[in-house]
Amino acid sequence: MSLPILMTVDDDPAVSRSVARDLRRRYGQDYRVVRAASGADALEALREIKLRGDAVAAILADYRMPQMDGITFLEQAMDLFPYARRALLTAYADTDAAIQAINVVDVDHYLLKPWDPPEEKLYPVVDALVDAWRAAGERPVEETKVIGHRWSSPSYKVRDFLARNSVPYRWYSVEEPEACRLLEAADCAADDIPVLITPDGTVLRKPDGEQIADAVGLSTRPASEFYDLVVIGGGPAGLGAAVYGASEGLRTVLVERRATGGQAGQSSRIENYLGFPDGVSGAQLTDRARRQAQKFGAEVLTARDVTGLEARGSARVVRFGDGSEIAAHAVVLATGVSYRALEAEGVAELTGRGVFYGSAATEAPECEGEHVYIVGGANSAGQAAVFFSRYAKEVSILVRGPSLQASMSHYLIEQIEAIGNIHVRTRTTVVRAHGTDHLEELTLCDEEQGITETVPTGHLFVFIGAAPRTEWLGDDVLRDDHGFVCTGPDLMVDGKRPPGWTLDRDPHHLESSIPGVFVAGDVRSQSVKRVASAVGEGAMAVSLVHRYLEAR
32 MSLPILMTVD DDPAVSRSVA RDLRRRYGQD YRVVRAASGA DALEALREIK LRGDAVAAIL
92 ADYRMPQMDG ITFLEQAMDL FPYARRALLT AYADTDAAIQ AINVVDVDHY LLKPWDPPEE
152 KLYPVVDALV DAWRAAGERP VEETKVIGHR WSSPSYKVRD FLARNSVPYR WYSVEEPEAC
212 RLLEAADCAA DDIPVLITPD GTVLRKPDGE QIADAVGLST RPASEFYDLV VIGGGPAGLG
272 AAVYGASEGL RTVLVERRAT GGQAGQSSRI ENYLGFPDGV SGAQLTDRAR RQAQKFGAEV
332 LTARDVTGLE ARGSARVVRF GDGSEIAAHA VVLATGVSYR ALEAEGVAEL TGRGVFYGSA
392 ATEAPECEGE HVYIVGGANS AGQAAVFFSR YAKEVSILVR GPSLQASMSH YLIEQIEAIG
452 NIHVRTRTTV VRAHGTDHLE ELTLCDEEQG ITETVPTGHL FVFIGAAPRT EWLGDDVLRD
512 DHGFVCTGPD LMVDGKRPPG WTLDRDPHHL ESSIPGVFVA GDVRSQSVKR VASAVGEGAM
572 AVSLVHRYLE AR
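Right under this line is the structure:
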């Protein structure tokens, strides 16, 4: 088998020779270095490489090239080799372009020219590129097949699970002839949908999350019974804790009941996160964080439902829904929040069949030419409105309050005002959802004028409130009246430590009423509900874990 390829693209012959020389010196035994003088030449070479069946590990492209700049080239190269890692070569004056490349084509790194000495400025970047490529694996996209009904809630849940866990799949509606052929070949009937067929031919009928995760190769079982740190929840706070815990030498496992990213992972565009002036999708941000955590050695368990937490001596024990358990010296709770249910007649029956909680990006193509309704006035609702405005004919944001100013960031309000097919309806609520097998109409109430109207639509996306999923925690973990977990100073009442506190010190800032159990992100009482603060709390929790372990 041929060696995998490192490709360099630069129209300056001297630079091209220089980077190829430096790459061969370090990687020549394990990789074949191919260089091209333009984006067009490089694309032609990549097509030939694709036909030969060879692998491309990484592509380094200059930004300033005639006819086709580096960003345009990399965008087209991704279609041929989606697993190849990408770096942009830029001059100091082009750093804005490099940041654009990170957001537009998900470039992994940018390199400032010159990169002398290469041992400090070139090789660490290329090492990271090839490590990421090895982790992802260069292989044909193995296609998982999903057969279901468009308006089936279980079918939607399977698609959403696969999409949020970055598993490539192809969707077949049960009404298509090919779907019927696949069902026959799998010895299944329409009553068995959703049906999932893996690339190796395994057939799953009406699978749950854990069955899907096992079938598509996601890790669901811990490699050990005891860890230094268990992180419960895979949103920004949990991922931040996993990255910092694993990078600092703690044996770390992250447990997520559905998919890493949490609510942030469903965001179509996060534009106020530090370091991404052009914004970054929640999926991109959390995918990078997950890969970063795994790079440092953290285990990531998917589709595991945590049902209990207790202290047994110095161990902190986490119980799963199937009765199994793992233990650790310390735990970080980062379970985040869930959207509150919309209390309107017909909504519960049509959830997953036109009514969705969160952005449900898999539904975007189905919104083509439709009038879409979004309930909620916070950033998540605004980001969804901007996203769906690219597909839908019209998007209406329904807000109970008098305006968006109280709950949405100013930059997002300005964006929404500038998009012609987004309309904001204030003091408006959903009274009822109508439909037989799927959503067909909504009854809306204008509370200011006291009138109702019924409007046709097939899609309603709900972003209201934040309810912590903490009902599984025992009475030993103190929570506020809304279910958020109390920590640190909030646990002290009249200068007294919480009941059952066994240590001769006050709780640390992010520590719960159980010593060694820390809390980060939205699930914590009085936390700031922003992605950046959640990541910061995850990192801070790990520093407090170290302090806790050192004092034992």
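Residue 32 is where the sequence shown starts when you use my numbering, and the numbers rise one by one after that.
For each residue, glycine too, the CB sits at the ideal point set by N, CA and C.
These figures come from a predicted structure and were not determined experimentally.
query	result
According to DSSP, is residue 259 part of a helix, a strand, or is it coil?	strand
Is there contact here, the segment 351 to 368 with the segment 541 to 561, by at least three beta-carbon pairs under 8 Å?	yes
Tell me, which residues are paired with residue 93 by DSSP?	120
Between the Cα of residue 391 and those of 113, 438, 303 and 418, spot the shortest distance and give me the residue it belongs to.	418
Let's see if you can read the secondary structure: which residues bound the alpha helix (DSSP H) around residue 39?	Counting along the chain, residue 39 falls outside any alpha helix (DSSP H), though it belongs to the beta strand (DSSP E) covering 36 to 40.
Could you tell me which whole alpha helix (DSSP H) segments of length 4 or greater appear in the segment 233 to 278?	240 to 247 and 267 to 278
If we call anything under 8 Å between Cβ atoms a contact, is residue 368 one with residue 332?	no
In terms of residues, what are the limits of the alpha helix (DSSP H) holding residue 348?	It is not in any alpha helix (DSSP H) - residue 348 instead sits in the beta strand (DSSP E) that spans 346 to 351.
DSSP state of residue 532, grouped into three classes?	coil
Please tell me whether residue 411 and residue 453 are closer than 8 Å, where the distance is taken between their beta carbons.	no
Report the residue from 259, 468 and 491 whose alpha carbon sits nearest the alpha carbon of residue 475.	491
Looking at the strands, I want to know which residues DSSP matches up with residue 474.	463 and 485
Can you give the Cα-Cα distance for residue 164 and residue 74, rounded to whole angstroms?	20 Å
Roughly how many angstroms separate the alpha carbons of residue 236 and residue 572, rounded to a whole number?	41 Å
Alpha carbon to alpha carbon, how far is residue 171 from residue 34?	The predicted position of residue 171 is uncertain, since its pLDDT is 46 and thus under 50; a value taken from the coordinates is nonetheless stated next. Looking at the two C-alpha atoms, the distance is approximately 17 Å.
Please list the terminal residues of the continuous beta strand (DSSP E) segment that includes residue 358.	356 to 364
For residue 157 versus residue 54, is the C-beta distance shorter than 8 Å?	yes
Comparing C-alpha positions only, which one of 298, 176, 291 and 343 sits nearest to residue 323?	291
In the DSSP assignment, find the unbroken alpha helix (DSSP H) run with residue 188 in it and report its ends.	184 to 195
How long is the line joining the alpha carbons of residue 196 and residue 455, rounded to whole angstroms?	32 Å
Less than 6 Å between C-beta atoms, sequence neighbours within five positions excluded: which residues of the same chain meet that for residue 471?	465
Under 6 Å Cβ to Cβ from residue 522, same chain only, skipping five residues before and after it: list those, please.	529, 538 and 544
Quick check: the Cα distance between residue 405 and residue 305, rounded to an integer number of angstroms?	27 Å
Residue ranges of each alpha helix (DSSP H) run of no fewer than 4 residues wholly in the segment 359 to 444, ordered along the chain?	378 to 381 and 410 to 419
Report the option in 119, 145 and 468 whose CA atom is closest to the CA atom of residue 380.	468
Does the contact criterion of 3 or more C-beta pairs under 8 Å hold for the segment 258 to 271 versus the segment 187 to 202?	no
Quick check: the Cα distance between residue 108 and residue 263, rounded to an integer number of angstroms?	38 Å
Tell whether a beta-carbon distance below 8 Å holds between residue 142 and residue 115.	no
With DSSP as the reference, label residue 179 as helix, strand or coil.	strand
Among 159, 84 and 317, which residue has its Cα nearest to the Cα of residue 91?	159
By Cβ distance below 8 Å, which residues in the same chain neighbour residue 209 in space, the five residues on each side in sequence not counted?	203
What are the start and end residues of the alpha helix (DSSP H) that includes residue 610?	The structure shown has nothing for residue 610, since the chain only spans 32 to 583.
Using DSSP bridges, identify the partner residues of residue 332.	286
So, does the segment 49 to 64 touch the segment 95 to 113, judging by three or more C-beta pairs under 8 Å?	no
Measuring straight from C-alpha to C-alpha, what distance separates residue 191 and residue 185?	10 Å
Runs of 3 residues minimum, wholly inside the segment 55 to 105: which ones carry the beta strand (DSSP E) assignment?	63 to 67 and 87 to 93
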